[in-house]
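Structure record follows, encoded as structure tokens.
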Amino acid sequence: MINILGNIFLVTGLLMLSGRKMKTAIILLAMQSLSLSMIAFFSGYALGGLNWHMFIIGSLTILVKVIALPVLLYRLVNELNPNEPIGLSVKSLLSFSVGIVLVLFSYSYVVPEFLSSIHVDSYLLSAALSSILLGCFYMISRSCVLDQIIGIILMENGLFLSSLAITGGMPLIVELGIFFDILVGVLVMVGITYQIKNSCQSLDIKNLNRLRG
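Our numbering applies: residue 13 is where the sequence shown begins, and numbers increase by one.
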């Protein structure tokens with residue numbers, strides 16, 4: 013079951029690269045985060061019955077990444093970017109193709125060659141590394157400020173999955189700190205997004221070149 017959820021986690025990240033609508037990307041991000049929370053639940057169960065640590069982490073993932081952040085981003089899109097065209101630095105088909113290459117690179121080269129000494133589920137570790145690379149490329153291939161926020165969350169999902177795959181979850185206090193940092197970081201980026209919109213009348217990061225000190 014965990015491998016099936018890992019497939020869902022990976023496919024949603026790939027589909028985000030092929031889409032042109034920001035609202036679709038937000039929905040896919042919520043689906044990926046939901047699969048991540050389910051992986052946490054099933055991993056906790058595999059460790060022996062009801063693992064409260066993993067249950068809390070999975071529940072927080074649903075609360076923050078499946079509900080709070082997607083709702084916040086969705087409202088932000090409706091308010092600031094209702095009709096503005098999506099800025100793509102790379103065409104959708106090419107972007108999806110690059111995503112597949114990054115996934116194959118993670119599964120067939122990086123994990124077997126450099127991370128084989130780590131005695132963990134290599135499938136989840138490959139999916140986690142793929143998500144980090146996909147999130148990085150997502151940010152590069154999009155020119156909208158909101159897409160940069162989505163890309164950062166996509167990368168963080170990969171980092172979170174890697175911690176589950178390698179350590180079975182970090183200490184609870186560390187996980188809580190990470191969730192708090194993500195939430196505060198996104199709120200700060202939302203404030204910056206409003207400022208960029210007011211200053212440039214656009215959310216395209218290319219327009220930031222016009223800002224001079």
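Glycine is no exception: its CB is placed at the ideal position from the N, C-alpha and C atoms.
- With a contact defined as Cβ atoms closer than 8 angstroms, Ser138 and Val123 qualify at about 5 angstroms.
- Distance between Phe67 and Phe21, taken at the CA atoms: about 19 angstroms.
- At a Cβ-Cβ threshold of 7 angstroms, Tyr86 and Ile165 do not count as neighbours.
- Under the three-state reduction of DSSP, Arg32 is assigned to coil, being neither helix nor strand.
- The beta carbon of Leu48 lies closer than 7 angstroms to those of Phe21, Thr73, Asn169, Phe172, Leu173 in the same chain, with the five residues before and after it left out.
- Between the beta-carbon of Ile79 and that of Ala52 there is about 16 angstroms, and that puts the pair past the 8 angstroms contact cut.
- Leu26 places its beta carbon 7 angstroms or farther from that of Met50.
- Contact check for Met34 and Val76: beta-carbon distance about 20 angstroms, past the 8 angstroms limit, so the pair fails to qualify.
- In this structure Ser120 is exposed. Its beta-carbon is surrounded by fewer than 16 other beta-carbon atoms within 10 angstroms.
- Between Gly147 and Met28, the alpha-carbon positions lie close to 9 angstroms from each other.
- The beta-carbon separation of Leu84 and Val157, rounded to 14 angstroms, does not stay under the 8 angstroms limit for a contact.
- In this structure, Leu46 sits away from Val198, with a CB-CB distance that is not shorter than 7 angstroms.
- Following the DSSP letters along the chain, one finds Met66 inside the alpha helix (DSSP H) bounded by residues 64-73.
- DSSP places Met43 within a helical segment (H, G or I) once states are collapsed to three.
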